[in-house]
Amino acid sequence: MNAKKYINPYLGGVLLGMVLLAANFVSGRGLGASGAIKSCIVSAATTVAPAAAENSGFITEYTEKHDGHPMKSWLVFQMLGVIVGGFVSGVIAGRLKWKVEHSPKITSKKRLVLALTGGILFGWGSQMGRGCTSGSALSGMAVLSLGGFVSMMAIFGTAFALAYFFRKNWI
Amino acid sequence: MGPLIVNEIITENTNLLFAFLIGIGFGFVLEQSGFSSSRKLAGVFYGYDAVVLKVFFTAAITGMLGLLFFSLFGWLDLSLVYINPTFLSSSILGGVIMGAGFIIGGYCPGTSFCGASIGKIDAFVFIAGLFIGVALFGWGFPLWEKLYLAKDLGDPKVSRLLGISDGLFALLLILVALVMFWAAELAEKKFPREEY
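Keeping their order, the protein sequence lines are chains A and B. If you want our numbering, it's the 1-based position in the first sequence plus 13. If you want our numbering, it's the 1-based position in the second sequence plus 155.
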């Protein structure tokens, strides 16, 4: 089965912008991804080690803003939707496939080690930066937040600056 | 009228239902645009595929203009829309670490879930990394709490800092984006690649 081509990127951008607008119209906030992971971690920590969680500024900062269960959050439901939406798109386009995607110059194992490393860095950075590419950069820029533009420039600027050193992993 | 939840037009549970539906739209558009492929995402940093730049900036501009028009039509009260706060030190440091994570891991959080949804194993591993990274941040929070809270600038809008109207800033951003789109199209012609 041949996979269908991707849509025009500018059309994709307009559609994504409309999704972002819908999020703001309904909830008064933009999109996000890393926030859902934080909900999971907070939920796990308060369940496994409630005493320690109460003493953690990281967790109390979250629970003060979200009364009720940490998993009953907007971003958790939104991310569940992302998984469904991505899956449906993959089905329609014929792109569902178990695969480790990597440059022919590196092994699958190396790709997975790099993916884990990158994930750890991104996870840590998303908490320090109060949001990731979607929550801080994209959603922040749409509401003209200075922080959104700073995040965007720091993320893409650093990735560009380091690209040369990691070129063998991609091209 | 909007935001619906802030103005209590919908209930909390309806809001969560909308979150799920909006998420479906989010994931669907990301996947349709090719954001489920780490090599396609990384292409923007080598010039062979600038889909990230094109989708990202088109989306930011569309969202921004939509908000301004909705406000103009009286459909949305912009003063009730959340504006991301700016903590300068943590914003820069967090962004730099995220940028490193992007070029090393090939995904960002949203796109990794999108990649995982169509079976990319590297995306699943990246997500595992995200959980570890967020947990590490929480675990060591006292170590970097000061830095996290430093240089609190409140929630300034760029337009206000520049002393221009939101509309004029939007126009300037569109012009900048057009120049970048033009550069992106040139780069893709200059560094062409086979399908990957």
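Here a beta-carbon is modelled for each residue, glycine too, at the ideal position from N, C-alpha and C.
**Request:** Give the residues from the segment 119-144 of chain A that approach chain B closer than 9 Å (Cβ to any Cβ), ordered along the chain.
**Result:** Ser-121, Arg-124, Leu-125, Val-126, Leu-127, Ala-128, Leu-129, Thr-130, Gly-131, Gly-132, Ile-133, Leu-134, Phe-135, Gly-136, Trp-137, Gly-138, Ser-139, Gln-140, Met-141, Gly-142, Arg-143 and Gly-144
**Prompt:** Would A/Leu-125 pass as a contact of B/Ala-214 if the rule is Cβ separation under 8 Å?
**Reply:** no
**Among B/Trp-294, B/Ile-273, B/Val-334 and B/Val-206, nearest to A/Asn-21 - alpha-carbon criterion** = B/Val-206
**Asked** Cβ of A/Gly-107 less than 8 Å from any chain B Cβ?
**Response** no
**Message:** What would DSSP say about B/Asp-307, mapped onto helix, strand or coil?
**Reply:** strand
**Item:** Distance between B/Asp-321 and A/Val-104 (C-alpha atoms, nearest Å)
**Value:** 41 Å
**Prompt:** Beta-carbon of A/Ser-116 versus every beta-carbon of chain B: anything under 8 Å?
**Reply:** yes
**Request:** Could you tell me which of A/Lys-110, A/Gly-94 and A/Val-55 sits nearest to A/Phe-71, measuring between CA atoms?
**Result:** A/Val-55
**Host alpha helix (DSSP H) of B/Asp-321 (start-end)** = 321-345
**Asked** Using the rule of at least 16 other Cβ atoms within 10 Å of the residue's Cβ for burial, across every protein chain shown, is A/Met-141 buried or exposed?
**Response** buried
**Request:** Reducing DSSP to helix, strand and coil, say where A/Met-14 ends up.
**Result:** Caution is warranted here: a pLDDT of 46 is assigned to A/Met-14, below 50, making its placement in the model unreliable, and the coordinate value is therefore given only provisionally. Looking at A/Met-14 - three-state DSSP - the assignment turns out to be coil, as it is neither helix nor strand.
**Asked** In the DSSP assignment, what residue or residues form a beta bridge with B/Phe-268?
**Response** In DSSP, B/Phe-268 forms no bridge with anything.
**Prompt:** Just checking, does the segment 21-30 of chain A make contact with the segment 60-69 of chain A on the three C-beta pairs under 8 Å criterion?
**Reply:** no
**Prompt:** With DSSP run on the structure shown, which of helix, strand or coil describes B/Pro-158?
**Reply:** coil
**Prompt:** What residues from the segment 165-199 of chain B come within 7 Å of chain A, judged by C-beta to C-beta, listed N to C?
**Reply:** Asn-170, Leu-171, Phe-173, Ala-174, Phe-175, Leu-176, Ile-177, Gly-178, Ile-179, Gly-180, Phe-181, Gly-182, Phe-183, Val-184, Leu-185, Glu-186, Gln-187, Ser-188, Gly-189, Ser-191, Ser-192, Ser-193, Arg-194 and Ala-197
**Prompt:** How big is the Cα-Cα spacing for A/Trp-111 and B/Pro-311?
**Reply:** 44 Å
**Per-residue contacts from B/Lys-431 into chain A (C-beta, under 8 Å)** = Any answer about residue 431 of chain B is impossible in this case: the structure gives chain B only from 156 up to 351.
**Prompt:** In angstroms, rounded to a whole number, what distance separates the CA positions of B/Ser-226 and A/Ser-102?
**Reply:** 32 Å
**Asked** Which residues share a DSSP beta bridge with B/Phe-292?
**Response** Bridge partners of B/Phe-292: none, in fact.
**Asked** What residues in the segment 255-270 of chain B bring their beta carbon closer than 9 Å to a beta carbon of chain A?
**Response** Ala-255, Gly-256, Phe-257, Ile-258, Ile-259, Gly-260, Gly-261, Tyr-262, Cys-263, Pro-264, Gly-265, Thr-266, Ser-267, Phe-268, Cys-269 and Gly-270
**Item:** Endpoints, the alpha helix (DSSP H) within which A/Ala-106 is located
**Value:** 87-106
**Cβ of B/Glu-163 within 8 Å of any chain A Cβ** = no
**Asked** So, A/Ile-50 versus A/Gly-136, is the Cβ gap smaller than 8 Å?
**Response** yes
**Request:** Using beta-carbon positions only, say whether B/Asn-239 and A/Gly-131 come within less than 8 Å of one another.
**Result:** no
**Prompt:** Got a sec: which bits of the segment 301-334 of chain B sit with their beta carbon under 9 Å from any beta carbon on chain A, in order along the chain?
**Reply:** Leu-302, Tyr-303, Leu-308, Asp-310, Pro-311, Lys-312, Val-313, Ser-314, Arg-315, Leu-316, Asp-321, Phe-324, Ala-325 and Leu-328
**Message:** Does the CB of B/Leu-291 have a neighbour CB from chain A at under 8 Å?
**Reply:** yes
**Prompt:** At what residues does the alpha helix (DSSP H) containing A/Thr-146 begin and finish?
**Reply:** A/Thr-146 -> no alpha helix (DSSP H), and no H or E assigned at all.
**Prompt:** A/Tyr-23 lies in the alpha helix (DSSP H); which residues open and close that run?
**Reply:** 22-40
**Item:** Coil, strand or helix - B/Gly-190 by DSSP
**Value:** Reading off the sequence shown, one finds Phe at residue 190 of chain B, where the question assumed Gly. If DSSP states are grouped into helix, strand and coil, B/Phe-190 belongs with coil.
**Message:** With DSSP as the reference, identify every bridge partner of A/Ser-164, one or two as the case may be.
**Reply:** Answer is none; A/Ser-164 lacks a bridge partner.
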